[in-house]
Amino acid sequence: MPTRSPDRSRRVAFDALRLVTGADAYANLVLPGMLADRGITGRDAGFATELLNGTCRWLGTYDAILAAASGRALSTLQPAVVDLLRLGAHQVLGMRVGTHAAVSETVDLAAATVGRRVTGLVNAVLRKVAAHDRETWVERLGAELDAGDRLALEHAHPRWVVDAYADLLPADELVPALAADNVSPEVSLVVRPGLVEVAELAAEAGGAERARWSPYAVRGPGGNPADLPLVRTGRAGVQDEGSQLVAWGATRPPAAPGWWLDLSAGPGGKTALLTGLAVADGSRVLAGELAPHRAALVASAVRAYPLDERPVVVVTDATRPPWRPGVFTRVLADVPCTGLGALRRRPEARWRRQPADVEALHPLQLALLSSALDAAAPGGLVAYVTCSPHRRETADVVHETLAGRDDVDVVPFADVLPELAGDQVGAAASTDGDFLQLWPHRHGTDAMFAAYLRRR
Numbered sequence: 001m002p003t004r005s006p007d008r009s010r011r012v013a014f015d016a017l018r019l020v021t022g023a024d025a026y027a028n029l030v031l032p033g034m035l036a037d038r039g040i041t042g043r044d045a046g047f048a049t050e051l052l053n054g055t056c057r058w059l060g061t062y063d064a065i066l067a068a069a070s071g072r073a074l075s076t077l078q079p080a081v082v083d084l085l086r087l088g089a090h091q092v093l094g095m096r097v098g099t100h101a102a103v104s105e106t107v108d109l110a111a112a113t114v115g116r117r118v119t120g121l122v123n124a125v126l127r128k129v130a131a132h133d134r135e136t137w138v139e140r141l142g143a144e145l146d147a148g149d150r151l152a153l154e155h156a157h158p159r160w161v162v163d164a165y166a167d168l169l170p171a172d173e174l175v176p177a178l179a180a181d182n183v184s185p186e187v188s189l190v191v192r193p194g195l196v197e198v199a200e201l202a203a204e205a206g207g208a209e210r211a212r213w214s215p216y217a218v219r220g221p222g223g224n225p226a227d228l229p230l231v232r233t234g235r236a237g238v239q240d241e242g243s244q245l246v247a248w249g250a251t252r253p254p255a256a257p258g259w260w261l262d263l264s265a266g267p268g269g270k271t272a273l274l275t276g277l278a279v280a281d282g283s284r285v286l287a288g289e290l291a292p293h294r295a296a297l298v299a300s301a302v303r304a305y306p307l308d309e310r311p312v313v314v315v316t317d318a319t320r321p322p323w324r325p326g327v328f329t330r331v332l333a334d335v336p337c338t339g340l341g342a343l344r345r346r347p348e349a350r351w352r353r354q355p356a357d358v359e360a361l362h363p364l365q366l367a368l369l370s371s372a373l374d375a376a377a378p379g380g381l382v383a384y385v386t387c388s389p390h391r392r393e394t395a396d397v398v399h400e401t402l403a404g405r406d407d408v409d410v411v412p413f414a415d416v417l418p419e420l421a422g423d424q425v426g427a428a429a430s431t432d433g434d435f436l437q438l439w440p441h442r443h444g445t446d447a448m449f450a451a452y453l454r455r456r
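Printed below as a string of structure tokens:
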């Protein structure tokens, strides 16, 4: 019997998922190019995107359900078959796809990609999966679990991430925080200050609205933002509002005009925002970046500014910097981190990170903050920023660093971003409420952290 050709949107989602699970690719990076190469647009592209992202987001929960439905450890199955079952499970449990269509289309996809020998298995397992909805599966599988493991299963987070959030948040906010990580964020756009006004960007991105917090942002535009002329020409960009806020905060406390430093600048979104604000201040930006390809992204992000206003981009290790100490009036240390603050944006990331990653990054984060403080001039401001709420990457780094210095004062975030002070943002994130911690469920942003420090 000839094999039916699988649906194109499901096939591209499968091919992308194989790269995500087998080659550590990122869904948001690989899928757009694959859709373009195959001419998949409109509703089909939207279906493929939701199928891939939803499968990646709920992967741990689906794996538990599939293991129960199949009666075997998934490690005993061919990896491609496991990915087929994951895609089928998301259609059955997480999308408005009828059981018959979800199962039959996944069986056709299995036949075309792995072979007819696995179609019986795929059919049988998915029909068992379809016997219950996701909530019932979670109830059945979670009956013997403790509260933390049940939350991990119900909200598709590794247990260690659940525990990290529980350490930071009031008890009544834990579930909303986990749930917010499973909601795809609106697109946020940012103007390059001095090159375009927010109203012009909002008008070009039809249907976009001014953002809640950042004065440089619009949110919720329809379509592909890369198609907007302002984005194509570099006068605007795509950037989460939380990233805008922490960078903007670095420019708000008083400081003398002079050189500003972005010491870990790639891929350049914050650098571009700082550039426009530095020009208005009569200042200039030096952008350091260790990886040459990320330094090239920084240069691209600021390409719309005149040459004499663009940052000086230097490929360098900021822990052993070439610049003289004590000369920068403002320093942004947006350090490498686990990225736990952007789980809603990078659906596969939660399953890749391990607790050991937090400890592995800690010495680098300490070194970069120390380097940033050394680079600041007397009276200069330093912003220590992470895209992670994990205490070990945030408050612990700041407290450990300050314990060894007597030349730094903390600037309370309420003095830097008073617009946020009424939300008591810092109180649940740190024993020191002077630090800023954003959350998706509170602010609609990524979970960015910032500590603002002033060199004496």
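Going left to right, the sequence shown walks through residues 1 to 456 as the UniProt record's numbering numbers them. Ideal Cβ placement from N, Cα and C applies to all residues, glycine included.
Quick one: what's Gln-239 bridged to in DSSP?
-> DSSP, once it has assigned bridges, lists no residue as partnering Gln-239.
CA nearest to the CA of His-399, picked from Val-416, Ala-451, Arg-353 | Ala-451
Within this structure, are the beta carbons of Val-129 and Ala-89 separated by less than 9 Å?
-> yes
Cut-off 6 Å between Cβ atoms - residues of its own chain near Arg-310, not counting five sequence neighbours on either side = Val-302
Backbone CA spacing between Val-246 and Arg-212 [nearest angstrom] = 14 Å
Can you give the Cα-Cα distance for Arg-8 and Gly-46, rounded to whole angstroms?
-> 12 Å
Sequence-distant residues of the same chain with beta carbon closer than 8 Å to Leu-141, five excluded per side | Ala-64, Ile-65, Ala-68, Leu-153
Quick one: give me the first and last residue of the alpha helix (DSSP H) that Leu-201 is part of.
-> 198 to 204
Compute the distance between the beta-carbons of Ala-112 and Arg-232, then report whether it is under 9 Å.
-> no
Coarse secondary structure for Ala-67, derived from DSSP in three states = helix
Kindly list the residues whose CB is nearer than 8 Å to the CB of Asp-281, restricted to its own chain and excluding five residues on each side of it in sequence; keep chain order.
-> Thr-251, Pro-257
Close Cβ partners of His-362 (< 8 Å) along its chain, the five nearest in sequence each way excluded | Arg-392, Glu-393, Asp-396, Val-397
Are at least three pairs of beta-carbons, each pair with one atom in the region 334 to 343 and one in the region 433 to 452, less than 8 Å apart?
-> yes
Drop a sphere of 10 angstroms on the beta-carbon of Val-161, count the other beta-carbons inside from all chains shown, and report buried for 16 or more, exposed for fewer.
-> buried
Out of curiosity, what's the CA-to-CA distance linking Val-238 and Arg-116?
-> 43 Å
Cβ-based burial, Pro-389 [other Cβ within 10 Å; buried from 16] = buried
Asn-182 classed as buried or exposed, judged by whether at least 16 other C-beta atoms fall within 10 angstroms = buried
Take Ser-283 and list the residues in its own chain whose beta-carbon comes closer than 8 Å to its own, dropping the five residues that flank it on each side.
-> Pro-257, Gly-258, Trp-259, Trp-260, Thr-329, Arg-330
Identify the continuous alpha helix (DSSP H) that holds Asp-37 and give its terminal residues.
-> 27 to 37
Mind checking which residues open and close the alpha helix (DSSP H) that includes Val-103?
-> 99 to 113
With a CB to CB cut of under 7 Å and the five nearest residues on each side skipped, what residues in its chain are close to Pro-412?
-> Asp-434
State the Cα-Cα distance for the pair Leu-169 and Pro-158, rounded to the nearest angstrom.
-> 17 Å
Of all the options Tyr-305, Asp-24, Asp-374, Glu-289, which has the alpha carbon lying nearest to the alpha carbon of Pro-336?
-> Glu-289
Measure the Cβ-Cβ separation of Ala-236 and Gly-266 and say whether it is below 9 Å.
-> no
Rounded C-alpha distance that separates Leu-77 from Ser-70 | 10 Å
So what does DSSP say about Gly-426, is it helix, strand or coil?
-> Caution is warranted here: a pLDDT of 42 is assigned to Gly-426, below 50, making its placement in the model unreliable, and the coordinate value is therefore given only provisionally. Coil, per DSSP.
Three-way DSSP call (helix, strand, coil) for Gln-365 in this model = helix
State buried or exposed for Val-79, treating a residue as buried only when at least 16 other CB atoms are found within 10 Å of its CB.
-> Val is not the amino acid found at residue 79; the sequence shown has Pro there. Exposed is the call here.
Within its chain, find whatever has a CB closer than 7 Å to the CB of Gly-194; leave out the 5 residues flanking it on each side and keep chain order.
-> Gly-276, Val-279, Ala-280
Going straight from the alpha carbon of Ala-367 to that of Asp-133, what length do you get?
-> 48 Å
Taking the alpha-carbon positions, what's the Phe-449 to Leu-369 distance?
-> 14 Å
Which word fits Asp-415, buried or exposed, when buried means at least 16 other C-beta atoms lie within 10 angstroms of its C-beta?
-> exposed
Mind checking Asn-53: buried by the 16 CB within 10 Å criterion, or exposed?
-> buried
Name the residue from Gly-98, Tyr-62, Leu-420, Asp-317 whose alpha carbon lies nearest to the alpha carbon of Thr-136.
-> Tyr-62
Could you check the C-alpha separation between Ala-27 and Asp-262 for me, to the nearest Å?
-> 28 Å
In terms of alpha-carbon separation, which member of Val-312, Pro-355, Leu-201 lies closest to Ala-164?
-> Pro-355
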